[in-house]
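Asks:
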Amino acid sequence: MVDRLSRRGFLGALGAGAIGATAGCAVEPPTARTRPLVDDDGLPVDAVAAAQFRGGLERRGVFPEARVPDAPDVAWTVRDVNAGDHTAAKASPVATPDGDVVVPGDTGEVRRVAPDGEVVWVASVEETDRGIHGTPAIANGAVYVGAYDGALYAFDLDTGDRFFRRKLGDAIGSSPGYHDGTVYIAVEYYDPSGAMFGVDAATGAVTWRDGRPTNHPHSTCAIDRDAGRLVVGSNDGNLYAWSYPALEFAWSFPTGREIKGPVATYDGSAFFGSWDRNVYRVDLADGSEEWAFETGGLVMSGPAVEPATDTVYVGSHDSHLYALDVETGAERWRFDTGGRITSCPTVTAEHVLVGSYDGYCYAVEKATGREAWRVRGVGEVTGTPLVLDGAVYFTDRASEAYLDGGDGKTGGLYKVGSGRG
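All you need for my numbering is the position in the sequence shown, starting with 1, plus 41.
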């Protein structure tokens, strides 16, 4: 007889034999023996995540049915999400299946917040100076996220209780990718070096590791099932590719400078930015360059790729949001935010949302590149905006006054709607 557990119970039932043989990768003590990968109905664990960074495995950042408020107004703010001075892009909110949002912060806390601004629960990672900068994946009734203590965590989506903590390295600044019961994530070591990992989503066991990405990789991987590729950038300046799902190394593509942002895939190609100031399109089959577009600054923003309009949207440290032709890389328009952009664009039915170091979250008309509106936070807006049920959610860093030790405000989670309430 098959022993069946709910997804919650299954994820919490960590097996003593699931620790794996990798040194330094101990998982917290198990609470029970490992159970089969089935839920109450005998079905496998989730094949795809309910939510993850950039909307899916391909990391395209496009939500064609979503619409933003016409007359934006900040409905509420949850403070104390971010309080640190680390300049990496901050974590972004993701939606739960029932309309709440989950948001981590550089304080090391993860919050689930209801649409009215009520904090449903707060969970914490182990003490670490830089907390969390990656954006969670939600699957199997769990919240998966990495932290700067080098561990991957799984928290109960309903309660915030911790299912497991898997120590993988010295720091994790990337966002996890979830598919078919495995969490994929880039991990940093102090040496400097790093690795890509696959981790069993139920037990926390390491199922795959490749140490090719080096120099503190914190790019977020993309998985393109049609092309059969998993790709990730690294601070060593290379884009790395493996076959998927076999996970055999395929090729690397050098740019000469750090690749820090997430990678997107579409139409057999990878799209990403580099600190060499270029945005690239690279063939997923063989790693050959298809085009490169040079901006006026470093590119840490992850591209959004919109198939319906054949457009790539991406930000740069030169303060501009660019719209590029997906086939040629030719510029269609640019919009100047007045501050460098490390935020990834979010594409909706009619607008592109992006945050800027000038302290604003922008809505830009995607057809024309003109500003529709802007909403100010207290600090630099480096995370990626989320659109949910007609509202926009975004995070920011703490204010300069706070970071300087003065009477300033910590960074928060903002909900932008039409009118208050």
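By construction, the Cβ of each residue, glycine as well, lies at the ideal position given by its N, Cα and C atoms.
(1) Identify, in the order they occur along the chain, each residue of the same chain with its Cβ nearer than 6 Å to the Cβ of G239, setting aside the five sequence neighbours on each side.
(2) Leaving out five residues on either side along the sequence, give the residues of the same chain with a beta carbon under 7 Å from the beta carbon of V154.
(3) Count the other CB atoms within 10 Å of the CB of G187; is the residue buried (16 or more) or exposed (fewer)?
(4) According to DSSP, is L444 part of a helix, a strand, or is it coil?
(5) Quick check on DSSP: helix, strand or coil for R373?
(6) Are the beta-carbon atoms belonging to D114 and G431 less than 8 Å from one another?
(7) Could you please give the first and the last residue of the uninterrupted beta strand (DSSP E) stretch that includes M341?
(8) Whole angstroms are fine: how far does the CA of A305 sit from the CA of S357?
(9) Tell me whether the beta-carbon of K301 lies closer than 8 Å to the beta-carbon of S260.
(10) Taking DSSP as the reference, what is the three-state secondary structure of G96?
(11) Which whole-angstrom value is the C-beta distance of S234 and T255, which I expect to be below 8 Å?
(12) Going by C-alpha to C-alpha distance, which of R373, K456 and E347 sits closest to R100?
(13) Assuming G314 is part of the beta strand (DSSP E), what are its boundary residues?
(14) Going by C-alpha to C-alpha distance, which of V103, W117 and P303 sits closest to W316?
(15) Between the C-alpha atoms of R270 and P286, what's the straight-line distance to the nearest angstrom?
(16) Pick out whichever of A349, D139 and V393 has its Cα sitting closest to the Cα of R411.
(17) Helix, strand or coil: how does DSSP classify D190 here?
(18) Could you check where the beta strand (DSSP E) with R318 kicks off and where it finishes?
(19) Using DSSP with H/G/I as helix, E/B as strand and the rest coil, what is C262?
(20) Looking only at C-alpha atoms, which of G418, H127, A112 and P386 sits nearest to V353?
(21) Cα separation between V323 and F104?
(22) Look up N123 in the DSSP assignment and give the residues it is bridged to.
(23) Which residue from R108, A88, V89 and D377 puts its Cα closest to that of L427?
(24) So, at 6 Å on beta carbons, what are the nonlocal neighbours of A311 in its own chain, with the 5 sequence-adjacent residues on each side left out?
(25) I'd like to know whether the C-beta atoms of A227 and A90 end up nearer to each other than 8 Å.
Replies: Looking at the atomic coordinates:
(1) T223, Y225, T248 and W249
(2) V119, D141, V142, V144, V160, V161 and L454
(3) buried
(4) helix
(5) strand
(6) no
(7) Counting along the chain, M341 falls outside any beta strand (DSSP E), and DSSP gives it neither H nor E.
(8) 16 Å
(9) yes
(10) helix
(11) 4 Å
(12) E347
(13) S310 to G314
(14) P303
(15) 8 Å
(16) V393
(17) coil
(18) Where R318 is concerned, there is no enclosing beta strand (DSSP E), given that its DSSP letter is neither H nor E.
(19) coil
(20) P386
(21) 24 Å
(22) G452
(23) R108
(24) V272, V304, V323 and L325
(25) no
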